[in-house]
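Quick note: to get the working numbering, add 248 to the position in the sequence shown (first position is 1).
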Amino acid sequence: MTHPPQSASATDPVASGRLIKLGFADTANAQRWLGFPELSPVDQDRLLEGLALAASPDVALQLTVRLLEGSPQLAERINAGPEASETLFRLLGASEALGEFLLRRPEHLDLLAEPAAAEPEEIPAEQFRTALLRAVGADPAARTPVAGDTGDDAYTALRVAYRRELTRIAIRDVGALYPADHMPAVGRQLADLAAAALEAALAVSRAEAARTWAPELVDRVRLAVIGMGKCGARELNYISDVDVVHVMAVDAGPEEDGPDGTEATSIATALATGTARAIMARAGEPPLWEVDANLRPEGKDGPLVRTLESHVRYYERWAESWEFQALLKARPIAGDPQLGQAYREAIEPHVWRSAAREGFVESVQAMRRRVTDNIPDAEAERQIKLGPGGLRDVEFTVQLLQLVHGRTDERVRTQATTDSLRALSEGGYIGRRDSEQFAAHYRWLRLLEHRIQLYRMRRTHLMPRAERELVTVARSLRGAADTARPSAESLLEEWRRVKRNVRGMHERIFYRPLLAALAHLPESDTSLSPESVRDRLAALGYRDPKAAVRHIEALTRGVSRRAEILRTLLPVLLSWLADGVDADAGLLGFRRLSESLGTTPWFLRLLRDSNAAAERLCQILSSSRYVTDLLENSPEATAWLGQDDDLCPVPFETLWTEIRSQMARHPDSGEAMRMIRLIRRREELRVALADTSGLLDVERVAEALSDIDRACILGALHAAEREVYDRSGRVAEVLVVAMGRQGGREIGYGSDADVMYVYGPVGDADPAAAREQAETLLQRMVQLLKAPCSPPIVAERVLEIDNDLRPEGKQGPMVRSVDSYAEYYARWAQTWEFQALTRALPVAGSDDLAEAFRRVIDPRRYPAEFTEAQLLEVRRMKARVENERLPRGADPSRHVKLGRGGLSDVEWLVQTLQLQHAHRVPGLRTTSTLRALRAAEEDGLVLPEDAAALAAAWRLATAVRNGNVLRTGRRSDALPSKRADLEAVARWCGYGHGGARLLEEDYLRTTRKARAVFERIFYGH
C-alpha cells in the first residue's frame, strides 16, 4: 500500500488531550488515522492501551492500520488486550523499518505471537545458522554446506530469513525490563546472526562457483571467514559494516586432481566475492549490510584472500601496531572451522607481543587521533561513537589495557568490551567501582546507538536532531515497566552527563591503579604488581618506566597536604604529560618544579582549579626543554599560565620604564645590569610560554623578542654611559644600529644581535678623543651584556653582539662617524652592503645621530636607480651564498635559512625589490620582510598568489626555527629528522598531536612553491 487509506468515521474521535497523554506528537494526524475503516473491527480502548506501550505511538498507529489492511486477522490480537498485543506495539513503535519488513512479508506476522519477556532468553547461535542455511537449501549438518539455490532467489531467501531472525531479536530487546543490562546479549545475538548470514552466503557462493569450476575443485578449496571488530567480539550493532578477513587452504589429496596455487586462489577469491554479493547485491529483498574486508593485510591494496602462512609472514614482518589492536577482536565466524581456529592460534601470539614493539604507543595514539580528526565538523557534537566521551573512548581505553597486561596475563585476553572490563577488574588492573561505572556508561551508549539504528535500520552513530525522533529514542531506552514519558532535553542532558564521565574515566582507569600501587594506598581495590606498573607506564609513553616510578613515588608518598593533593591530581596530569612528545622529561620537569615550589599554596590551587593552566604546563614540560629549563629557575612564572593576560608580551615602553627604575635603584653598573638581564630572561620566558600556549603567531613572537633585546641593549648602553661619562666626562655620543633580523624585528629565541655603531663628538670635542671614548663606551656595553654576573644568572641565554656587518668587516674600525660612513658608502661599498642596509634600524643612542645616519644610508638602500650591473651582482652573490654557505651534508630541501624556498630566498627577493623600487614606492621603505612584501603586492610588483606563497614559506620557516629552540634549547636551521623532535616542532607550529608527517609534507610543499616563485622573479626564469 503506497498511500494511507481514506479517513472514515467508524469510531468516535479521540480527544486531543488523551492522545497527548498517550505520547502522540501529532494529534491531528493521529485523529485522522484513528478514523480509517481498517480499524472498524478494533476496540478503540484496547487499541489505545496498546499504543501507550509504543515508543512512538504515531508510527505504531500508522503501521498498525497498514498491516490491518492486508492482514485483518491482526484485529483479534489487538482486541485481546495489551498482554496479547504488547509485542506488536512495542516493536512497531521502536522500529519503523521492521514494521515495513512485516508489511512486505506478512507471512512472518506469526512472530508477533511471542509474548514480551522481562528477562528474555538468548537465542542460540546454532538456531540462526540452521535457519539461514535451510533458507538457501543447504544442509546445516554438512561439513561444507552448499546451497540448493543461487542468484536472486537465494539472495532474497537468505535476507528474508535474516530479517525474520532480526525481528525475533528486536522483539526480545524492546520488551526487556532492563534493556541496558540486556544489551550485551543483543550484541552477541546480532553477531551470531551476521555470522549465520555469512555462512549461508558462502554456501550460495559455493553453489555459484561450481558453475565455473568443477564441483570437486571447489570442494577442495577451504575458506575461513574471520570476523573482526564488533562482529568478531560478539557485540554487533543492529546495522553495521561487518569487518572480515579471509583465509584459504587446499584440502590434501592427489595433486593431479586438485587445483594448482593460482587456480585455488582464484576459486577462494570467487568464494569471498560471492559471499559478499549474496549479502550486498540488488535482489528481491534489500541488501543487509556491507561486508568490509579492508582490515586485511595491506588493506585495499592486498589480495582479498591469503593462505595462513601468508597471513603469518605479513604480521611477522610488515604489520603496523594498530593492526594488532584490530586483531584483538578476530574470531572465526563462518566457513571452515578448523582453518579458522588455526588462524586464531597462529595470530594470537603476535597480538599479545605487540605492546612491546617500538613505537607501539605512538602508533595506537595516532590511530585514535586520526579517527577523531576525521569527524566532520558538522557531526562533532552529535557523534555517539567517535566523539569525545563516546564509545570509541571506552573501547580504546579497554583495548590498550588489554594489550599492556594481556602479554603476561591470559585472564584479560577477552574480546567483548564488557567482558574485558570485568576481566581487568578481577585481575586487579582497574578498580571494581571504576569498572562497573565504565561498563554501565558503555552499555547505555551502546543501547542509545542500538535504539537510534533500530528505528529506521540505518547505519548511523549520530544523535538525531528532530525533537520527535529524540523523544522516540528517549522512550525506547526505558524498560518495559517504565511508564514515564521522558523529553528530548532529558535525553540530551543524560547523554552529556555520560560523555563527561567517560572522558574523565580514562585517567581514572589508567592512572589511579598506578598511584595506588606506588603510593601504597590502603583503600585501593586494585593490585598492580611492580612489573604491571612498569608495563602500563611503558604503554602510556614513558620510555624509562623505572625512573617514572621513582618520580611518581617521590611526588605522592607521605601524608603532607601536597602529596595528598597530587595523588588526586596526578591521574590527569600523568595523562597530559603522556600526550606530550617526551613524557619522561615532562615528569622529571614536573617533579623538579613541584619540589622548587614546595607547598606554595598558589601552585597547588593552580593545578587543582585551572585545568587549562595545568594542561598547558604538562604539554610544555613534556615537549620543550628550553621552557622547562627557564621554569626550573623561575618557577613563579608558572602562575602566568592561569591567566592569558599575564602571558601578553610587555610593551617596549613598559620594559624601558622598569629598566630605568632598576638603574635608579642600583648605581653600580654590574648590579644594574644583572637586574636588566634578569628582566630579559623573565620576559623571554613569558613570550615562550605565550608561544607554546598558542597565544602568539610568529610575527608577534619576533616583535616581542626584538623589543626585549632592544630594551636590554638600551639599558646596557645607558649603564655604560653613566659609568664612562662619570669617569671622564661626555665627549662623544653614540648610536647602535640593528642589522639583519634584529633590524627587521624578526629575531627568534637565542638570536644574536647584528649591529653597527656610529659616533659623533659632543660640541667642540676632539674627534679622536670622541672616537676613543665611543669605543670604550661600546666595549663596556658589550661587556655588560656578556660578562658573568655575580651571583650568576642560571639558564640565561647571553645576548651575543655581532659587529661584523660594519664597513670592511672585522678589518674595519669598530665605530665610525656619520661622515666616515658617508665616504665609505660613496667610494668603496659593494652592492651587497647596500642590500644589508635595507635592514638597518637605529635601536639605542642619540636621536640626532640616528637621523643623520638615515640621511646617509637612505639614498644607498633606496636608490633612484638600481642598475642591471648591480642586479647581476646581487644574483651572483646569492648563488655564491647557496653554493658556499650551506653546511656540508645539509639537505637543501630541509634547511630553513639557506635551503630552497627558505628564509634566505624570501628575504633576498624582498630586499632586491626594495633596492629596485623603494625610491618610488614608500611602502617598501621598511626593515620588515613581510611588510615590504605586502607593499610589493599592493604596488603590483608581486602577484597576490606569489606574495602569499612567499609569506607562507617565511612564516613556516621562522616557526620551525623557533620550534627547534623550544624543543631542544639549541639553535638549529634544519627541519628536524628525528621523529620526536619533528613532532614537538610540529606542535609548536600549530599542527596538534601526530602532526610530524603533516608538517614535513607542508614544509617541503610550501618551500618548493616559494622557490619556484623566487626563481621566476629573482632570476627572471
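Think of the CB as a built atom: it goes at the ideal place given N, C-alpha and C, for glycine as much as any other residue.
Apart from the 5 residues on each side of it in sequence, residue 863 sits with its Cβ closer than 8 Å to the Cβ of 824 in its chain, given in chain order. Linking residue 641 to residue 432 through their CA atoms gives a straight-line distance of about 18 Å. Scanning the region 683-736 from its first residue to its last, no whole beta strand (DSSP E) run of 3-plus residues comes out. By the Cβ test, the region 1171-1185 is not in contact with the region 904-914, since fewer than three Cβ pairs between them sit closer than 8 Å. Taken through DSSP and simplified to helix, strand or coil, residue 381 comes out as helix. Close CB contacts of residue 518 within its chain, under the 6 Å cut and outside five residues either way in sequence, are with 457 (chain order). Here DSSP, grouped into helix, strand and coil, assigns residue 631 to strand. Taking C-alpha positions only, residue 283 is separated from residue 292 by approximately 10 Å. In the displayed model, residue 555 falls within a strand according to three-state DSSP.
For the pair residue 929 and residue 893, the Cα-to-Cα distance works out to about 19 Å. In this structure, residue 336 places its C-beta atom within 9 Å of the C-beta atom of residue 326. By the C-beta density criterion, residue 481 is buried, having at least 16 other C-beta atoms within 10 angstroms.
In the DSSP assignment, residue 1049 forms a beta bridge with 1001.
Of the residues 1125, 722, 407, 761, the one whose Cα lies closest to the Cα of residue 531 is 407. When 889, 1222, 605, 398 are compared, the shortest CA-CA separation from residue 1136 is found for 1222. Closest in C-alpha terms to residue 896, from the list 874, 939, 1139, 882, comes 939. Each residue's CA atom was taken as its position, placing residue 950 and residue 942 some 14 Å apart. Of the candidates 301, 266, 318, 318 places its Cα closest to the Cα of residue 285. The beta-carbon separation of residue 437 and residue 577, rounded to 17 Å, does not stay under the 8 Å limit for a contact. Annotation: the continuous beta strand (DSSP E) that includes residue 981 extends over 980-986. The three-state secondary structure of residue 488, taken from DSSP, is coil. DSSP places residue 1041 outside both helix and strand once states are collapsed to three, so it counts as coil. Residue 393 and residue 687 have their C-alpha atoms some 39 Å from each other.
Here DSSP, grouped into helix, strand and coil, assigns residue 583 to strand.
Distance from residue 1086 to residue 990 at the Cβ level is roughly 13 Å; contact not present, criterion being Cβ atoms closer than 8 Å. Selection 1111, 718, 993 evaluated against residue 959 yields 993 as nearest (Cα-Cα). In this structure residue 1167 is in contact with residue 1112, their Cβ atoms being roughly 5 Å apart against a cut-off of 8 Å. The C-alpha of residue 788 lies about 6 Å from the C-alpha of residue 826. Going by C-alpha positions, residue 1105 is about 46 Å away from residue 887.
Around the beta carbon of residue 1176, a 10 Å sphere encloses 16 or more other beta carbons of the protein chains shown; the residue is thus reported as buried. With fewer than 16 neighbouring CB atoms inside 10 Å of its own CB, residue 268 falls in the exposed class. No Cβ-Cβ contact shorter than 9 Å links residue 716 with residue 409. The DSSP-derived three-state label of residue 1029 is helix. Bounds of the alpha helix (DSSP H) holding residue 524 are 509-528. Distances from the CA of residue 349 to each of 535, 691, 468, 1026 were compared; the closest alpha carbon is that of 535.
C-alpha of residue 1094 to C-alpha of residue 1115: approximately 34 Å in a straight line.
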